[in-house]
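S.K.:
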Amino acid sequence: MRVYLDNAATTPLDKEVFDAMAPFMLEHFGNPSSIHAHGREVRSAIEKARRTVATLLNTSPAEIFFTSGGTEADNAAIVCTCRSLGITHAVSTQLEHHAVLHTLEMLEKNGEMNVSYLRHDKRGVLDLEHLEELLASNPRTLVSIMHANNEIGTLNDIEAIGAICKKYDAIFHSDTVQTMGHYKHDLQQVGANFIVGSSHKFHGPKGVGFLYCDAGTKIQPLIQGGAQERNMRGGTENVYGIIGLAKALEIAYRDMVEHAKHIQSLKDRMIFKLREQLEDVSFNGMSEFGDKSLYTVLNVSLPASDINEMLLFSLDINKISASGGSACSSGANAGSHVLRALGVDPARGSVRFSFSKYNTVDEIDYVAETLAKMYKKVLV
Ligand SMILES: Cc1ncc(COP(=O)(O)O)c(C=O)c1O
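When we follow the numbering used here, the leftmost residue of the sequence shown carries the number 52, and every step to the right adds one.
(1) Can you list, in chain order, the residues of its chain whose CB lies under 8 Å from that of F334, leaving out five sequence neighbours each side?
(2) On the premise that G286 lies in contact with G276, defined as a C-beta separation below 8 Å, what is that separation, rounded to the nearest angstrom?
(3) Following a CB-centred definition, is T122 positioned closer than 7 Å to any heavy atom of ligand 1?
(4) Which residues share a DSSP beta bridge with M248?
(5) Comparing alpha-carbon positions, which option in I209, M157, V389, T421 lies nearest K235?
(6) Pull up the CB-CB distance for M283 and F253, whole angstroms please, since I reckon it's below 8 Å.
(7) Given this structure, state the Cα-to-Cα distance separating E156 from A199, to the nearest angstrom.
(8) Starting from N350, follow its DSSP beta bridges and name the residues at the other end.
(9) For the stretch 169 to 185 against the stretch 123 to 137, are there 3 or more C-beta pairs whose distance is under 8 Å?
(10) For S365, which residues in the same chain have their Cβ closer than 7 Å to its Cβ, ignoring the five residues on either side in sequence?
(11) Is any heavy atom in ligand 2 found nearer than 7 Å to the beta carbon of G255?
(12) Say yes only if the C-beta of S249 is nearer than 7 Å to one or more non-hydrogen atoms of ligand 1, and no if none qualify.
(13) Three-state secondary structure (DSSP) at M283?
(14) Considering only the beta carbon of each residue, do L136 and I270 sit closer than 8 Å?
(15) Is it true that the stretch 70 to 89 meets the stretch 389 to 402, where meeting means three or more beta-carbon pairs spaced less than 8 Å apart?
(16) In angstroms with no decimal places, state the Cα-to-Cα distance between V308 and T106.
(17) Which word fits V412, buried or exposed, when buried means at least 16 other C-beta atoms lie within 10 angstroms of its C-beta?
(18) Kindly provide the ranges of any alpha helix (DSSP H) runs that are 4 or more residues long and lie completely inside the stretch 83 to 140, ordered along the chain.
(19) Tell me, to the nearest whole angstrom, how far the beta carbon of T110 is from that of F261; I am working on the premise that it is less than 8 Å.
(20) Helix, strand or coil: how does DSSP classify H233 here?
(21) For a quick check, are the C-beta atoms of V418 and F406 less than 8 Å apart?
(22) Kindly list the residues whose CB is nearer than 6 Å to the CB of C216, restricted to its own chain and excluding five residues on each side of it in sequence; keep chain order.
(23) Quick one: what's H224 bridged to in DSSP?
(24) What do you reckon, are the CB atoms on A392 and Q145 nearer than 8 Å?
(25) Mapping the DSSP letters down to three states, classify T421 as helix, strand or coil.
(26) Which residues in the same chain have their Cβ closer than 7 Å to the Cβ of A71, if we skip the five residues on either side of it in sequence?
(27) DSSP three-state call for Y168: helix, strand or coil?
(28) Is DSSP giving L273 helix, strand or coil here?
(29) Taking S387 and E202 to be in contact with their CB atoms under 8 Å, please state how far apart those CB atoms are, rounded to whole angstroms.
(30) Who pairs with D57 in a beta bridge, going by DSSP?
(31) Ligand 1 heavy atoms versus the CB of H476: any closer than 7 Å?
Here's what the structure looks like:
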């Protein structure tokens, strides 16, 4: 048995999704920009996919732009807000994904943007009063705050953040990569100018995602070239990727309640088993609290031990695929910027387990027992 508990990194493709994609790899190969029948049938499939995504998110197809993934969508939202709207101040957090942090750093280095970082506590909970203070003294700001953290799972209240942004007339971008397909997004409620999705995080194909850009926010394309995506993103579309993305999102919404229940129960079992079998185990961020963190992510903090250096490697040898990383900032392994920002003790071991609809109770029990044996603290 090999156990895959790295679903925040990527998820296995759903067979139903593959079946929807296959005809667009073999039979329907036309270029969607071609005006002949081969092109037109593919164009119409892309537009159907766009309508599916828009309907699920309660928005209009004109506001959905397909991209090469979450990273490109985040880049587009941030860079284009700066360059098209002339916004030169951003508020973000040190807990964002590098797709956001490195983009902001690049703009800052170029002298195009000043970035302020929100205060947060040791569990990664953001100080929204600080957000109000920063916005009150900086009109016309870009606020870039993720919906849920990919490493520790902490959920941010994006509706509350959206309301604050509206009050101060700020542009709001939320990296929703980790919640897309796992939570329902009603874009009439969120009040964001931009949100993003990445298909491989919800059992779709890799290398495809989307940017939602609200109709009132007029930006120029990040990628220049052809007139694809209504002149908003040059380049021949990743047709089967787009078909797969829409199918994967449709399935995710269709089965969400059932899968969320199953995955939450696996996470709860993992917490219980680890507490039962290991001494001095705790959980980074808010990951042990049901409604405050992703049900798909559990970031485990393990006692200081020599084996922490090789923790992920040892798990791999034991046929367990997980990720995470220490808070350490020396050596070849730069460590996790998120755990460092939380002030997690670098001597402790940290591992992120992330679950999907395909995981089983037996897998959870095996992983908990293996970890307990590794730390030689089995109490039974
Ligand atoms: C929060 C978050 N944002 C952005 C990305 C990047 O998405 P993609 O892999 O589609 O470029 C990821 C993927 O790990 C992520 O977890």
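Note that the Cβ used here is the ideal one computed from N, Cα and C, for glycine as well.
M.R.: On the basis of the coordinates in this document:
(1) Residue 334 sits at position 283 when you count from the first residue of the sequence shown. Answer for F334: I322, L349, N350, V351, S352, listed in chain order.
(2) Indexing the sequence shown from 1 puts residue 276 at position 225. Indexing the sequence shown from 1 puts residue 286 at position 235. Contact between G276 and G286 holds, since their C-beta atoms are separated by about 5 Å, short of 8 Å.
(3) Residue numbering aside, residue 122 sits at position 71 when the sequence shown is read from its first letter. Yes; taking the cut-off as 7 Å, the Cβ of T122 has a heavy atom of ligand 1 nearer than that.
(4) Stepping through the sequence shown from its first residue, residue 248 is reached at position 197. Correcting the residue type first, residue 248 is Gly in the shown sequence and not Met. Residue pairing by DSSP puts G248 in a beta bridge opposite F261.
(5) Residue 235 sits at position 184 when you count from the first residue of the sequence shown. For K235, the nearest C-alpha among the options comes from I209.
(6) Position 232 of the sequence shown, counting from 1, holds the residue named residue 283. Position 202 of the sequence shown, counting from 1, holds the residue named residue 253. At roughly 23 Å, the Cβ-Cβ gap does not stay under 8 Å, so M283 and F253 are not in contact.
(7) In the sequence shown, counting from the first residue as 1, residue 156 sits at position 105. In the sequence shown, counting from the first residue as 1, residue 199 sits at position 148. Approximately 21 Å, taken between the alpha carbons.
(8) Taking the first residue of the sequence shown as 1, we reach residue 350 at position 299. DSSP, once it has assigned bridges, lists R403 as partnering N350.
(9) Taking 8 Å as the limit for Cβ pairs, the verdict is that the stretch 123 to 137 does not touch the stretch 169 to 185.
(10) Taking the first residue of the sequence shown as 1, we reach residue 365 at position 314. Closer than 7 Å at Cβ, skipping near neighbours: I358, M425.
(11) Here the bound small molecules are ligand 1; ligand 2 is not part of this structure.
(12) As a position in the sequence shown, residue 249 is number 198, starting the count at 1. Yes, ligand 1 has a heavy atom inside 7 Å of this Cβ.
(13) To locate residue 283, count along the sequence shown from 1; it is residue 232. Reduced to three states, the DSSP call for M283 is coil.
(14) Within the sequence shown, residue 136 is the residue found at index 85, counting from 1. Within the sequence shown, residue 270 is the residue found at index 219, counting from 1. In this structure, I270 lies closer than 8 Å to L136 by Cβ.
(15) In this structure the stretch 70 to 89 does not lie against the stretch 389 to 402, because fewer than three pairs of beta carbons, one per stretch, are closer than 8 Å.
(16) Within the sequence shown, the letter at position 257 stands for residue 308. Within the sequence shown, the letter at position 55 stands for residue 106. Between V308 and T106, the C-alpha separation is close to 18 Å.
(17) As a first step, residue 412 must be located in the sequence shown, where it is residue number 361. Looking at its Cβ environment, which holds fewer than 16 other Cβ atoms inside 10 Å, V412 is exposed.
(18) Counting whole runs of 4 or more residues, the stretch 83 to 140 contains the alpha helix (DSSP H) stretches 88 to 107, 121 to 136.
(19) Locating residue 110 in the sequence shown gives position 59, counting from the first residue. Locating residue 261 in the sequence shown gives position 210, counting from the first residue. Rounded, the Cβ-Cβ distance is 11 Å, inconsistent with contact.
(20) Counting from 1 along the sequence shown, the entry for residue 233 is found at position 182. Here H233 sits in coil by DSSP.
(21) The sequence position of residue 418 within the sequence shown is 367, counting from 1. The sequence position of residue 406 within the sequence shown is 355, counting from 1. No, the pair does not count as a contact, with Cβ atoms beyond the cut-off.
(22) Taking the sequence shown and counting its residues from 1, the one referred to as residue 216 is at position 165. Counting only Cβ-Cβ distances below 6 Å, and skipping sequence neighbours, we find V194, F223.
(23) Against the sequence shown, residue 224 aligns to sequence position 173. DSSP, once it has assigned bridges, lists S195, F245 as partnering H224.
(24) As a position in the sequence shown, residue 392 is number 341, starting the count at 1. As a position in the sequence shown, residue 145 is number 94, starting the count at 1. It is a contact, given that the beta carbons lie within the stated cut-off.
(25) Counted from its first residue, the sequence shown places residue 421 at position 370. Taken through DSSP and simplified to helix, strand or coil, T421 comes out as helix.
(26) Position 20 of the sequence shown holds residue 71. Taken in chain order, the residues that qualify are I294, G295, K298.
(27) Residue mapping note: residue 168 aligns to position 117 of the sequence shown, counting from 1. DSSP, read as helix, strand or coil, puts Y168 in strand.
(28) Sequence index remark: in the sequence shown, residue 273 carries index 222 (1-based). L273 carries a coil assignment under DSSP once its states are collapsed to helix, strand and coil.
(29) Position 336 of the sequence shown, counting from 1, holds the residue named residue 387. Position 151 of the sequence shown, counting from 1, holds the residue named residue 202. Contact between S387 and E202 holds: their C-beta atoms lie close to 6 Å from each other, under 8 Å.
(30) Within the sequence shown, the letter at position 6 stands for residue 57. Bridge partners of D57 according to DSSP: S405.
(31) No information on residue 476 is available, as it lies outside the stretch 52 to 431 that the chain covers here.
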